[in-house]
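The listed protein sequences correspond, in order, to chains A, B and C. Residues are numbered in the working numbering as their position in the first sequence, beginning at 1, plus a constant of 705. Residues are numbered in the working numbering as their position in the second sequence, beginning at 1, plus a constant of 311. Residues are numbered in the working numbering as their position in the third sequence, beginning at 1, plus a constant of 134. Structure first, then comments.
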Amino acid sequence: MIIITFMSVPNIIVVAGSSGAGKTTWVCQQMRDIADVEKIIYYSPGTGAVTVDQTRIASKFPGMQIFGDGQQVEFLNQIPKADAVYIEWGFYLELGSVAQLLENLTYRTIAVLPPDLKDSEYHAWAKEIVRGAPTQSSTGETLWRAASNGQVIDENSLEEFWYEITHDAYGIVTRAKGIFDVNDGRSLYCDFVAGVPQTDFLELDLPRYLEGRPQRFSGLEVVGENLDKATLRQTLSDCCLSDAAILQYQQQVKEILLEGEKV
Amino acid sequence: MNKWAILSGIEGNLAAYEAVMADIKRQGNSVEALYILGDLVGPRPETEKLVERVLNPRQGELEPLICKGWWEEQSLILHGLGPTGDAPELMAKYGGDTVKLLWDSVSRQTVQWLRNLDFGFFELDCLLIHGSTVGVDDELTPETPPIQMLDRLSRMQANNLFCGRSGLTFQYQLQTGSITSALTTLDNQASPQTVTVIPRQVIGVGNVGRTPGQATYTLYNPGTNQVEFKTLNYGISKGFQSQHKGTKLKFRV
Amino acid sequence: MKIAVISCIHGNYEALDAVLLDIDQHSCEKIFCVGDLVGYGPHPNAVVAQIRSLDIPTCVGCWDEDIVEGLNACDCSYPSLLAEKRGIQAHEWTNKEINPENREFLANLPHSLKEGNLAFVHGSPHSNHEYLLPQLDAFVALERVISTDSDVLFCGHTHVPYARTLDAGQLQISVGRGEKAQEITFTSPLKRIVNVGSVGEPRHGRPNATYVIYDTDTQEVKLREIPYDYQKTCAAIIEKGLPAIFAWRLAHGLEYAERADDPTHVCTR
Chain A
706 MIIITFMSVP NIIVVAGSSG AGKTTWVCQQ MRDIADVEKI IYYSPGTGAV TVDQTRIASK
766 FPGMQIFGDG QQVEFLNQIP KADAVYIEWG FYLELGSVAQ LLENLTYRTI AVLPPDLKDS
826 EYHAWAKEIV RGAPTQSSTG ETLWRAASNG QVIDENSLEE FWYEITHDAY GIVTRAKGIF
886 DVNDGRSLYC DFVAGVPQTD FLELDLPRYL EGRPQRFSGL EVVGENLDKA TLRQTLSDCC
946 LSDAAILQYQ QQVKEILLEG EKV
Chain B
312 MNKWAILSGI EGNLAAYEAV MADIKRQGNS VEALYILGDL VGPRPETEKL VERVLNPRQG
372 ELEPLICKGW WEEQSLILHG LGPTGDAPEL MAKYGGDTVK LLWDSVSRQT VQWLRNLDFG
432 FFELDCLLIH GSTVGVDDEL TPETPPIQML DRLSRMQANN LFCGRSGLTF QYQLQTGSIT
492 SALTTLDNQA SPQTVTVIPR QVIGVGNVGR TPGQATYTLY NPGTNQVEFK TLNYGISKGF
552 QSQHKGTKLK FRV
Chain C
135 MKIAVISCIH GNYEALDAVL LDIDQHSCEK IFCVGDLVGY GPHPNAVVAQ IRSLDIPTCV
195 GCWDEDIVEG LNACDCSYPS LLAEKRGIQA HEWTNKEINP ENREFLANLP HSLKEGNLAF
255 VHGSPHSNHE YLLPQLDAFV ALERVISTDS DVLFCGHTHV PYARTLDAGQ LQISVGRGEK
315 AQEITFTSPL KRIVNVGSVG EPRHGRPNAT YVIYDTDTQE VKLREIPYDY QKTCAAIIEK
375 GLPAIFAWRL AHGLEYAERA DDPTHVCTR
């Protein structure tokens, strides 16, 4: 008797595109449609310690396996066990390196691009083009990142700081994204793309952190020209609450939640 | 259960407090809350006994909600716990003997308790406070200019302000009013707008202990907005014995 | 007679210079200042010297008081921790920069000024930390004017100018003391509150200086907005070591740190 077993080949999708065009958003939309029935894994290399996209996806799809820098081998090992594999290729990575990573594997190449971008390296590389946000990128841009794990940011200060960042107080900023733990234990996602209407901060679907300094990712990534990195760093630091203040806010929230439960 | 009993100015007068509590008891179930708007303590030797009595309500008595008053602030100042170092008002109004009496009448332990009292209460649309949100020494009386009364009400956006600094019972009702305001800014000249006043009032809740033999306090029905001032005569000189000789045994003084 | 009323110069000498020139061009006979000569800006000594040399009647502002007595801004003034830190930096810088003579001058400023039926205060008649915002309850605004026993109350502190008339104010009162109630009618003639904006730290979204010209004969109020070379002030802010963000905020007509958000909050510091 011959037994034939089918090993399903995972659907591998590599998503690249210019900064702020909407790669992560598109990936989330795709995942939403299949997350219930398929096992998905996600990999976004090159973000260093500032894992904004990974944290955003993890909060939307708890339990999903998510990989970042330093986890390439582990990721490659998990590919055969997955139904769908999403790889987000940041604008700061060489498109040519994709082939090296996925040697001997079959994958789809997708580029999420602004509508008026024509004849770019993405067009040559991608099989499919997805229409993204109308961003304008330029040459001469630099990237600045800061992780703030363990810090609690004063929410009013964050609003002020974010306004300054997105209105060019620290350089001509084309893209900024961050995740922050704030006074009342919530984790907020902040997103800015120059030329695209601003959105409010989004509360991530994560539990409130009310037991001292948070043990989860928070941090900021800014892309732009003439970035005043030193002042950005200092101002972010100025927005952080002291131990005493953290304790006080967390106490207050616990009391309010307790009263709410009694009602 | 629909009325609030609101007291002020007990000033350590235990007999007066007992008379009021007895009168409240006579109201039966209709009183659902008891407020003491400051001046619980005073320069009277039995102040400590009064504090103990207030903090240990008898069976059937309500737990009083107490806020700070002028005498409380003077006590805190004397014990070095006030916002300022000295008590010039106290000296000027009452003199050195009273300062000493206050010092002797209020224990350090009581002062520590006074320290943690609220400044006032806000319930439904009512502000219950000793003076006003300006301070414990802000004395509102029937002579206070209307515009000032309205300001004190507006500071907390209250429709009813119950206060006790003056020691008087009064009902100061702002019934109607209007004003026309026009605003010009750098970029805009708005047309005049007339705003009207919603009816509001300031109520002096009287004083329980200032005048020996006579206590006044207030009953308020938040449902009907009705205010009732109660005046009680009490004390050994006005005992029932002198009036009801035949039924002496029925009454205990 | 035309008078000019200025406020909240905050060490911005370039702005003050431009405003004084405009005042001169409008033939104003008198100038009054409602305080906050120093704080946040790069030239506190030059500003005080100028005010002194022109003998401009001035009442003390909350920042002037802070420099004399030590920082005492109300928590409610700072909308965030970040703003509070920036305010403290500005205070420490100004405290080091101000010379003893000018500090003494600030210490001797009166709390308010009166000229005929005109009154001048920094914040409000009750407190230098109270913001008299344009949306303040009309009767509360009326109380503020009446409490100064004047017809026109000039104030600053909010850094956004406005002129408000309060007319035909009337109240019907009934006062009862247990016996028959007494009916009282209160009426008020036309009163005005005029906020004169800010010369040196504008908060109306543009970097221009603002101040007010008042004609005592016609009772006309003119809100003046004066452009000037604010880049010079920006350069001085950076050169003198004040937080660089102040330069950006000045260029955008935003507050450097303090902001009045809540018209119903009554600060009584």
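Beta carbons: idealized from backbone N, C-alpha and C, even for Gly.
Classification of residue i by the beta-carbon crowding that lies within 10 angstroms, buried from 16 upward
i	result
I739 of chain A	exposed
V194 of chain C	buried
V778 of chain A	exposed
N236 of chain C	buried
V328 of chain C	buried
K559 of chain B	At K559 of chain B the pLDDT is 37, less than 50, meaning the model places this residue with poor confidence; the figure from the coordinates comes in the next sentence. With fewer than 16 Cβ atoms within 10 Å of its Cβ, K559 of chain B is classed as exposed.
P268 of chain C	buried
D189 of chain C	exposed
D363 of chain C	exposed
Y748 of chain A	buried
Q512 of chain B	buried
K360 of chain B	exposed
R187 of chain C	Position check: residue 187 of chain C holds Ser in this sequence, whereas Arg was assumed. When all chains shown are included, S187 of chain C counts as exposed.
Y868 of chain A	exposed
Proximity test, Cβ basis, 8 Å: residue i and chain B
i	result
Q304 of chain C	yes
T299 of chain C	yes
H386 of chain C	no
Y364 of chain C	no
Min CB distance residue i to chain C below 8 Å
i	result
T871 of chain A	no
C944 of chain A	yes
D859 of chain A	yes
P457 of chain B	yes
V506 of chain B	yes
A816 of chain A	no
T936 of chain A	yes
A326 of chain B	no
F772 of chain A	no
L494 of chain B	yes
E846 of chain A	no
A787 of chain A	no
Bridge partner(s) assigned by DSSP for residue i
i	result
L345 of chain B	B:A316
R393 of chain C	Answer is none; R393 of chain C lacks a bridge partner.
V720 of chain A	A:E793 and A:I815
G310 of chain C	B:Q482
I255 of chain C	In the sequence on display, residue 255 of chain C carries Val and not Ile. Answer is C:S246, bridged to V255 of chain C.
C167 of chain C	C:I140 and C:T192
R880 of chain A	A:V898 and A:V928
V538 of chain B	B:Y531
T321 of chain C	C:Q304
N544 of chain B	B:Q525
Residue interval of the alpha helix (DSSP H) (run including residue i)
i	result
Y914 of chain A	Y914 of chain A -> no alpha helix (DSSP H), and no H or E assigned at all.
V757 of chain A	V757 to K765
A950 of chain A	D948 to K967
I280 of chain C	A272 to I280
CB contact below 8 Å: residue i versus chain A
i	result
P213 of chain C	yes
L205 of chain C	no
L247 of chain C	no
I327 of chain C	no
Residue span of the beta strand (DSSP E) that contains residue i, given as start and end
i	result
L376 of chain B	L376 to C378
N471 of chain B	N471 to C474
Y748 of chain A	I745 to Y748
I834 of chain A	E833 to R836
Y345 of chain C	A343 to D349
Listed by chain order, chain E residues near residue i by CB distance under 9 Å
i	result
S802 of chain A	Structure shown: chain E not included; protein chains present are A, B and C.
Handout entry: Segment contact flag, the stretch 485–497 of chain B with the stretch 946–954 of chain A, C-beta cutoff 8 Å, min 3 pairs
Key = Because the criterion of three Cβ pairs below 8 Å is not met, the stretch 485–497 of chain B and the stretch 946–954 of chain A do not touch.
Evaluate contact between the stretch 754–770 of chain A and the stretch 839–859 of chain A, counting only Cβ atoms and requiring at least three cross-stretch pairs below 8 Å. yes
Evaluate contact between the stretch 475–492 of chain B and the stretch 264–281 of chain C, counting only Cβ atoms and requiring at least three cross-stretch pairs below 8 Å. yes
- Query: Touch check for the stretch 215–233 of chain C and the stretch 940–950 of chain A: three-plus C-beta pairs under 8 Å?
  - Reply: yes
Quiz item: Does the stretch 863–883 of chain A come close enough to the stretch 927–936 of chain A to have 3 or more Cβ pairs within less than 8 Å?
Solution: yes
- Is the number of C-beta pairs between the stretch 433–451 of chain B and the stretch 344–359 of chain B that are closer than 8 Å three or more? In short, these stretches touch, since the Cβ pair count reaches three.
Worksheet item: Touching or not, the stretch 172–189 of chain C and the stretch 253–260 of chain C, by the rule of three or more beta carbon pairs under 8 Å?
Response: Segments in contact, no.
Should the stretch 389–407 of chain B be called in touch with the stretch 323–339 of chain B, which here means at least 3 C-beta pairs below 8 Å? no
Is the stretch 413–421 of chain B close to the stretch 460–471 of chain B, with three or more CB pairs under 8 Å?
-> no
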